Amino acid sequence: MSFNLTPVLTAQWGLDQSWTLGAYERADGYQALRQALDMEPDALIQLVKDSGLRGRGGAGFPTGMKWGFIPQGDGKPHYLVVNADESEPGTCKDIPMMMASPHTLIEGVIIAAYAIRANHAFIYVRGEVLHVIRRLLNAVAEARAAGYVGRNILGKSFDLELTVHIGAGAYICGEETALLESLEGFRGQPRLRPPFPAVEGLYACPTVINNVETISSVPAIVRGGAQWFRSMGTEKSPGFKIFSLSGHVARPGQYEAPLGITLRELLDATGGMREGHELKFWTPGGSSTPLFTAEHLDVPLDFEGPPQHGSMLGTTALQLFDETTCVVRAVKRWSEFYAHESCGKCTPCREGTFWYVQIYERLENGTATEEDIETLLDLSDNILGRAFCALGDGATSPVTSSIQFFRDEYVAHFEQGGCPFDPVASTVFAGASA
Amino acid sequence: MLRLGHRPDALIEVLHTVQQSFGYLDDDALRYVSTSLHVPLSKAYGVATFYSLFTLRPQGEHTCVVCTGTACHIKGSTMILNRIRSRFGIGPKQTTADNQISLLTARCLGACSIAPAVVYDGEAKGKQAPDDVIARLEEW
Ligand SMILES: Cc1cc2nc3c(=O)[nH]c(=O)nc-3n(C[C@H](O)[C@H](O)[C@H](O)COP(=O)(O)O)c2cc1C
Ligand code: SF4
Ligand code: FES
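Chains R and B are the protein sequences, given in the same order. Just so we're aligned: the first sequence equals residues 1 to 434 in the working numbering. Just so we're aligned: the second sequence equals residues 1001 to 1140 in the working numbering.
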């Protein structure tokens, strides 16, 4: 397959003032909403089911099915919550999406809320990104003034209140039940499931939680139809997706492509690795997805491909590292991240990530032993599958996969009494006098 | 607080507002918020310490946030922090003696494609070498 860009989500990013209502409407914005409000809500849910759209937040759960779980006629309020907490290391697709085209998301929100019969929707944004928050608030105000949000939208008997909620800095709040706790004003710690949010979510009412990119894909599906959406991507993973390329590549950035594309194709189309260097290891979908190496360049990046090779598609945050990078150093950094972000609710994750960091410190200062590698694997065994939420499982991914592929490099750390790599060689200012 | 109503679930929003107005959350502020929203002080304190954006200590005039996510770490953020320490004598979560600069660190900001990323008073800049950072901080 040749590199086949599918600019749908990113189509308008280059327009002049693409984030304004005027620019969005000139590019047919809010036409999908008009179409959707003329349909029955159930027909919309069916359309999304038929399209095969799967969640873009990491797990790939079928979106139409999720919407279908919301009980109807139950007399309770329903809620739609957009997960805009984007914090998985390396992931940077939702933030540029909201910066470049916030109205795509807002249009998707209104359509999705109408389909699940919710009259109140929330966008939960990461608190660190003030520029995104300002842009979203402006866009919501524009949409409200134009009659897309509020009472009797486009003259129909559908009302929607839309609230932008600002997070306060915690990775765990991206986990959907922790996010709900946080929305209700508590510390963000995951809830026990069942009950699932579709039955008892926000304020114990039926709630759909979807990622920004998932919801932003909805207007295009309404306009183009299920068949059109299925003409891209693979049978089980239809459609397009934003791939975030970062690390030691020639041209880092966001690239929209059909699901099922390979890293080799993406690299060919974007100028490859930084000059004179070669790929050593990479994450297919953020740090919570086990590392891949150059062996895996041809794995199709859809929901089925990476699992066949022991990893996951995750958030399609492709972080690439070249041969100047010490894998132990990179994994140490990720482990420190998980240790810091562990919410502390369950023991395997809280204690396990703490011990990870202790051992990586010994590895880096040259006092570790062979036994420490075994301890890392043992700790991972005790976290994986035993943690209360997926943060714990994610923490084990870089550890076990890096030992699997680069055990020699761990050994070199204690044989040579510390890190054998030059830390400057991997920096942006390598070669300059830093 | 009038704007947000006195609902307990507005706690996080109220804390954001208080911090915006006063720069940080001291004991008096937390006590006031907890009484007005009818939430126990322990909950207000628990929430304020759980989330990393809330600070219980006053901040300097300017803030410099260095991303220490893995992409930025590999591309040099540790060297940036070392240079700041040797030039200004502060580490993460510290403020210079003259109260001018507070140094903070952040987890991956989703700006890995321009790593290493540094945020100066809310404005994000990419591909920062230690020299760039020092030059910028010296202007403050
Ligand atoms: C620790 C952790 C962090 C997460 N962070 C995010 C996030 O920042 N954004 C997101 O959309 N999903 C995140 N998720 C996944 C959500 O729990 C949830 O699956 C997703 O929002 C569902 O949306 P989707 O069906 O549209 O993919 C996270 C999960 C875990 C376990
Ligand atoms: S796995 Fe970690 S983040 Fe998840 S509930 Fe347990 S301690 Fe909290
Ligand atoms: S690691 Fe710094 S922006 Fe991602």
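Think of the CB as a built atom: it goes at the ideal place given N, C-alpha and C, for glycine as much as any other residue. Please read all numbers here as calculations on a predicted model, not as lab measurements.
Compile a chain-ordered list of the residues in the segment 168-197 of chain R whose CB is closer than 8 Å to at least one CB of chain B.
Of all residues in the segment 168-197 of chain R, only 168, 169, 170, 171, 182, 183, 184, 185, 186, 187 and 188 place a beta-carbon less than 8 Å from a beta-carbon of chain B.
Is the segment 253-268 of chain R touching the segment 368-384 of chain R in the sense that three or more CB pairs, one from each, lie closer than 8 Å?
no
Residue 123 of chain R and residue 164 of chain R closer than 7 Å at C-beta:
Taking C-beta atoms as the reference points, residue 123 of chain R and residue 164 of chain R count as a pair closer than 7 Å.
Could you check whether the Cβ of residue 391 of chain R sits closer than 6 Å to any heavy atom belonging to ligand 1?
Result yes, Cβ under 6 Å from ligand 1.
Per DSSP, cross-strand counterpart(s) of residue 273 of chain R:
R/249
Using only CA atoms, which one of R/307, R/23 and R/31 lies nearest to residue 223 of chain R?
R/31
Over the uninterrupted alpha helix (DSSP H) stretch that includes residue 322 of chain R, give me the two end residues.
Element bounds for residue 322 of chain R: not the alpha helix (DSSP H) but the beta strand (DSSP E), 317-322.
Exposed or buried, which one is residue 371 of chain R when buried takes at least 16 other CB atoms within 10 Å?
Label assigned to residue 371 of chain R: exposed.
DSSP state of residue 130 of chain R mapped onto helix, strand, coil:
Note: residue 130 of chain R maps to helix in three-state DSSP.
How about residue 313 of chain R: is its C-beta nearer than 7 Å to some C-beta of chain B?
No, no contact with chain B.
Close Cβ partners of residue 1122 of chain B (< 6 Å) along its chain, the five nearest in sequence each way excluded
The answer is none, since no qualifying residue turns up.
Tell me which residues of the segment 112-139 of chain R have at least one Cβ-Cβ distance to chain B shorter than 9 Å, keeping chain order.
Contact residues of the segment 112-139 of chain R toward chain B are 126, 127, 128, 129, 130 and 131 (C-beta to C-beta distance below 9 Å).
For residue 176 of chain R, which residues of its own chain have a beta-carbon under 7 Å away from its beta-carbon, when the five flanking residues on both sides are left out?
For residue 176 of chain R, where only same-chain residues beyond five positions count, the Cβ hits under 7 Å are 83, 197 and 209.
Whether or not the segment 336-346 of chain R and the segment 392-405 of chain R are in contact is what I'm after, with contact meaning three or more pairs of Cβ atoms, one per stretch, closer than 8 Å; do they touch?
yes
Every unbroken beta strand (DSSP E) inside the segment 201-235 of chain R [3 residues or more]
207-211
Quick one: grab the DSSP three-state call for residue 70 of chain R.
coil
Does the segment 39-49 of chain R touch the segment 61-69 of chain R, meaning 3 or more C-beta pairs lie closer than 8 Å?
yes
Do residue 78 of chain R and residue 206 of chain R have their CB atoms nearer than 7 Å?
For the 7 Å CB-CB criterion, residue 78 of chain R and residue 206 of chain R form a contact.
Residue 163 of chain R by DSSP, collapsed to three states: which one?
strand
Is residue 1 of chain R close to chain B, meaning its C-beta is less than 7 Å from at least one C-beta of that chain?
Note on residue 1 of chain R: pLDDT 34, under 50, position unreliable in the model; the coordinate value appears next. No, residue 1 of chain R lies away from the interface with chain B (no Cβ there is under 7 Å from its Cβ).
Taking the alpha carbon of residue 113 of chain R as the point to measure from, which residue in R/97, R/68 and R/228 has its own alpha carbon closest?
R/68
Secondary structure of residue 138 of chain R, DSSP reduced to three states:
Looking at residue 138 of chain R - three-state DSSP - the assignment turns out to be helix.
Can you tell me the Cβ-Cβ gap for residue 41 of chain R and residue 117 of chain R, rounded? I've got them flagged as a contact below 8 Å.
6 Å
Tell me whether the segment 350-362 of chain R and the segment 329-339 of chain R touch, counting them as touching only if at least three CB pairs, one residue from each stretch, are closer than 8 Å.
yes
Quick check on DSSP: helix, strand or coil for residue 412 of chain R?
helix
Taking the beta carbon of residue 314 of chain R as the centre, do at least 16 other beta carbons fall within 10 Å, making it buried, or is it exposed?
Residue environment for residue 314 of chain R: buried (at least 16 other C-beta atoms within 10 angstroms of its C-beta).
Which residues, in order along the segment 1028-1058 of chain B, keep a beta-carbon less than 7 Å from a beta-carbon of chain R?
Residues of the segment 1028-1058 of chain B with a C-beta less than 7 Å from any C-beta of chain R: 1046, 1047, 1050, 1051, 1052, 1053 and 1054, listed in chain order.
At what residues does the beta strand (DSSP E) containing residue 83 of chain R begin and finish?
79-84
My guess is that residue 1116 of chain B and residue 1077 of chain B are in contact by the Cβ rule of under 8 Å, so how many angstroms apart are they, rounded?
The Cβ separation is near 5 Å, so the contact holds.
Is residue 193 of chain R near ligand 2, with its Cβ less than 6 Å from a heavy atom?
no
Residues near residue 1057 of chain B by beta carbon distance below 7 Å, same chain, minus five either side:
1024
Determine the direct distance from the alpha carbon of residue 309 of chain R to that of residue 329 of chain R, and round the result to whole angstroms.
24 Å
Note down the Cα distance separating residue 1017 of chain B from residue 1011 of chain B, rounded to an integer number of angstroms.
Residue 1017 of chain B and residue 1011 of chain B have their alpha carbons spaced roughly 10 Å apart.
Does any CB atom of chain B fall closer than 7 Å to the CB of residue 330 of chain R?
With 7 Å as the cut-off, residue 330 of chain R counts as an interface residue toward chain B.
For ligand 2, is there a heavy atom less than 6 Å away from the beta-carbon of residue 1050 of chain B?
Within 6 Å of the C-beta of residue 1050 of chain B there is not a single heavy atom belonging to ligand 2.
Measure from the alpha carbon of residue 1134 of chain B to the alpha carbon of each residue in B/1045, B/1075, B/1028 and B/1090, then state which is nearest.
B/1090
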